[in-house]
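Report on the structure given below.
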Amino acid sequence: MAKLTGQQLISKAGKLHAAGKFGQAEKIYQQLLKANPNDLTIIRVLGMLERDRRNLKGAIHWFTLAKQVSGNAPIILAELALTLEQSGKVDRAMEIATEAIQSAPEDISIAIFYAKMCLTRGLASKAAIAIENSIDSDPNNAEAWHLLSMAANSSGTLPVPLQFAQKLIQLQPQEAQSHTTLATAHRLNGNLAKALASYESAIAKDKDFTEAIAGKAEVLESLGRTEEAIEFLDNSPTSDSVLVALAKVRIARKQNKPQVALEAIDAALTPTLSPYHQSNLRMHRGRVLEELERFDEAWAEWEKGNQLHAGNFPLKEHIKLVDNVIKSVGSGTPVPDTCISGTGVPDPIFIVGMFRSGTTLLEQIIGAHPDIDTAGEVNQILRFVNEKPYPKCINDPDSQWQQQYLDRLASDSKFCTDKMPMNYLHIGLINLLFPNAKIIHTTRNPLDTCVSCFANSFSANHSYTADLGDLLGVYEQYKRVMEHWNTILPGLIYEVPYEAIVSDFKKTIEGTLQYIGVDFDERCLEFYNSKQVALTPSADQVRKPIYDSSVGRHKRFGSHLGILTHLQ
57 MAKLTGQQLI SKAGKLHAAG KFGQAEKIYQ QLLKANPNDL TIIRVLGMLE
107 RDRRNLKGAI HWFTLAKQVS GNAPIILAEL ALTLEQSGKV DRAMEIATEA
157 IQSAPEDISI AIFYAKMCLT RGLASKAAIA IENSIDSDPN NAEAWHLLSM
207 AANSSGTLPV PLQFAQKLIQ LQPQEAQSHT TLATAHRLNG NLAKALASYE
257 SAIAKDKDFT EAIAGKAEVL ESLGRTEEAI EFLDNSPTSD SVLVALAKVR
307 IARKQNKPQV ALEAIDAALT PTLSPYHQSN LRMHRGRVLE ELERFDEAWA
357 EWEKGNQLHA GNFPLKEHIK LVDNVIKSVG SGTPVPDTCI SGTGVPDPIF
407 IVGMFRSGTT LLEQIIGAHP DIDTAGEVNQ ILRFVNEKPY PKCINDPDSQ
457 WQQQYLDRLA SDSKFCTDKM PMNYLHIGLI NLLFPNAKII HTTRNPLDTC
507 VSCFANSFSA NHSYTADLGD LLGVYEQYKR VMEHWNTILP GLIYEVPYEA
557 IVSDFKKTIE GTLQYIGVDF DERCLEFYNS KQVALTPSAD QVRKPIYDSS
607 VGRHKRFGSH LGILTHLQ
């Protein structure tokens with residue numbers, strides 16, 4: 057029999073490898089490698105073989121060798137990162153994956169891999185950037201558009217852009233996932249009718265698609281059709297989906313059945329879940345335990361859930377940003393001649409403050425007024441600052457910015473709210489662009505605010521909420537910059553304390569509407585009957601009449617507050 061050539065041996069080994077005959081394939085690969093010790097292809101497939109037979113230690117050895125031989129080739133870095141991830145070395149995996157994407161930012165396959173890693177860690181903005189930088193190399197890559205859609209849906213910024221999911225549907229019209237992704241974007245934007253229709257389109261294409269099942273149940277509950285949501289879930293296929301579990305949790309809590317909610321979480325909480333899903337379930341479990349008045353256990357769950365992001369916030373960089381803001385906008389800062397105003401409706405109402413201070417609640421209340429539209433959390437001011445960082449955004453603002461911002465609001469109402477909380481950093485720029493804008497600052501007891509932040513899931517952009525030290529640091533910088541604005545712009549900012557809304561609701565809202573410049577309207581007192589739906593962590597709270605159980609919430613957790621007590 058004629059001796060096989062090297063290429064024939066590789067082909068034979070590949071077939072054995074694919075058939076799961078790893079030992080026979082390895083012998084051939086080793087034979088080939090002995091003849092050429094620096095053959096990168098053979099070294100790489102040996103790593104893949106070891107990974108396929110779950111010998112991750114061996115796979116790491118081969119991919120590390122391939123990394124050395126290749127001079128850190130991006131595709132080899134991606135292989136190594138994947139293997140490190142599977143072996144549980146998640147921090148090192150992310151370091152290597154980051155190195156890979158930095159080396160080849162336009163490589164769509166590496167971008168897809170990196171985006172997946174980011175999304176499992178809640179790093180939606182990094183995932184989006186990776187895909188956006190590479191999508192031109194393969195503009196019809198459906199997986200890339202799906203990841204971009206997922207990143208948009210997970211960003212925490214509202215309204216969610218729809219064009220990514222719409223493009224995905226163009227590429228894969230028969231896939232349930234495509235319609236589900238669009239449905240979720242509609243749901244996050246509060247367009248429940250379109251969300252329900254899109255979820256039903258997805259289920260029509262795949263009745264077992266759990267993401268669509270969970271989404272439809274969530275929408276039915278948001279529409280007040282709770283019994284219908286329960287019946288729908290009961291008649292759906294049995295599933296261990298985290299999303300289905302969370303839908304059941306939300307419905308159980310709505311029905312005041314915390315023990316049922318706890319059982320649903322515990323059934324879904326397994327060690328094999330991604331860090332993101334484990335974190336999400338832990339945070340929900342803590343909130344259910346709080347309802348059961350098991351406060352110490354609740355705090356312990358939040359500590360576990362927050363470990364996903366804890367310690368990752370660049371506090372020093374944030375302090376430098378505040379330094380630059382304050383230096384850029386002082387009492388003597390001249391107003392550039394390029395500033396324009398008075399282009400017509402709508403007049404913006406900026407609602408600013410710390411997260412969990414009542415921004416969503418106030419938006420829903422005043423948004424029930426017929427002359428006031430709501431735009432959710434508009435990130436356009438943040439985009440301007442990224443485009444021209446301080447002090448350039450103050451000294452040389454783009455003459456198109458004002459119209460660009462109004463275009464984003466896309467409202468025909470007399471007034472329109474923007475409740476991006478972090479806009480408190482940019483009040484000087486807002487005043488420069490919109491000198492007639494209304495700026496409302498919601499405040500709340502500092503400890504209640506921080507406890508509420510610590511007890512809720514936020515995107516990685518706000519990872520300071522996961523660490524008490526970072527949370528304290530950000531809160532102190534928030535106080536510092538707000539004191540600056542009140543000093544140099546006296547009388548500009550209207551303050552609405554959360555506690556005042558609770559204790560003297562009508563009077564507080566009357567004063568707020570008077571500040572805005574509209575007549576009082578009784579519909580604002582029944583805001584919870586509005587068809588608007590908020591999808592922030594406050595979503596369920598703002599669909600109820602005003603209640604006072606969140607005032608003094610921190611007192612339940614006094615022994616756990618640690619350094620936060622400096623805020624008292």
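Mind the numbering: the sequence shown is residues 57 to 624 in this note's numbering, read in order. By construction, the Cβ of each residue, glycine as well, lies at the ideal position given by its N, Cα and C atoms.
Less than 8 Å separating the beta-carbons of residue i and residue j?
| i | j | result |
| --- | --- | --- |
| proline 402 | phenylalanine 471 | yes |
| alanine 303 | glutamate 274 | yes |
| valine 507 | phenylalanine 613 | yes |
| threonine 139 | alanine 122 | no |
| isoleucine 225 | leucine 203 | no |
| threonine 237 | serine 205 | yes |
| leucine 581 | leucine 503 | no |
| phenylalanine 514 | threonine 521 | yes |
| valine 552 | threonine 568 | yes |
| serine 165 | asparagine 128 | no |
Label residue i either buried or exposed according to how many other C-beta atoms from any shown protein chain fall within 10 Å of its C-beta, with 16 as the threshold for buried.
| i | result |
| --- | --- |
| glutamate 625 | Nothing about residue 625 can be read from this structure; the chain reaches only from 57 to 624. |
| alanine 323 | exposed |
| threonine 328 | exposed |
| valine 589 | Residue confidence is low: valine 589 scores 46 on pLDDT, short of 50, so the model does not pin down where it sits. Its coordinate-derived value is still stated next. With 16 or more other Cβ atoms within 10 Å, it is buried. |
| asparagine 451 | exposed |
| asparagine 442 | exposed |
| asparagine 501 | buried |
| serine 615 | exposed |
| threonine 621 | exposed |
| proline 93 | exposed |
| arginine 110 | exposed |
| lysine 376 | exposed |
| leucine 465 | buried |
| proline 215 | buried |
So the candidates are the options; which of them puts its Cα closest to the Cα of residue i?
| i | options | result |
| --- | --- | --- |
| aspartate 262 | Ala171, Pro293, Gly409 and Ala198 | Pro293 |
| alanine 285 | Val298, Glu155, Asp296 and Lys310 | Lys310 |
| alanine 24 | Ile185, Ala160, Asn197 and Ile191 | Only positions 57 to 624 of the chain appear in this structure, which leaves residue 24 out of reach. |
| arginine 343 | Ala249, Ser67 and Ser606 | Ser606 |
| arginine 281 | Ala258, Ala301, Ser295 and Leu252 | Leu252 |
| serine 278 | Tyr584, His610, Thr621 and Leu617 | Tyr584 |
| cysteine 174 | His365, Glu578 and Gln460 | His365 |
| asparagine 487 | Thr498, Arg439, Thr499 and Pro546 | Pro546 |
| glutamine 230 | Thr240, Arg350, Asn362 and Phe265 | Phe265 |
| leucine 418 | Leu489, Thr498, Leu318 and Tyr480 | Thr498 |
| serine 469 | Thr430, Gln460 and Asn492 | Thr430 |
Please state whether DSSP places residue i in a helix, a strand or coil.
| i | result |
| --- | --- |
| proline 593 | Bear in mind that the predicted position of proline 593 carries a pLDDT of just 43, short of 50, making it too unreliable to give a figure here. |
| phenylalanine 406 | strand |
| phenylalanine 119 | helix |
| threonine 61 | coil |
| phenylalanine 583 | helix |
| phenylalanine 576 | coil |
| aspartate 468 | coil |
| threonine 415 | helix |
| aspartate 474 | strand |
| threonine 621 | helix |
| aspartate 322 | helix |
| aspartate 192 | helix |
| aspartate 429 | strand |
| isoleucine 396 | At isoleucine 396, the pLDDT of 47 sits below 50, so the modelled position is not reliable and the matter cannot be decided from this model. |
| isoleucine 66 | helix |
| glutamine 226 | helix |
| aspartate 463 | helix |
>> Quick check on the DSSP output: what are the complete alpha helix (DSSP H) runs of length 4 or more inside the stretch 495-568, in order along the chain?
In response: DSSP runs (the alpha helix (DSSP H)) wholly in the stretch 495-568: 502-510, 524-544 and 554-559.
> What runs of the beta strand (DSSP E), each 3 residues or longer, lie entirely inside the stretch 333-391?
Replying inline: Listed in chain order, nothing qualifies, since the stretch 333-391 has no complete beta strand (DSSP E) run of 3 or more residues.
> In the stretch 90-168, which residue ranges form an unbroken alpha helix (DSSP H) of at least 4 residues, counting only runs that do not cross its ends?
Replying inline: Here the runs fully enclosed are 96-108, 112-126, 130-142 and 146-159.
> What runs of the beta strand (DSSP E), each 3 residues or longer, lie entirely inside the stretch 241-287?
Replying inline: Correct list: empty.
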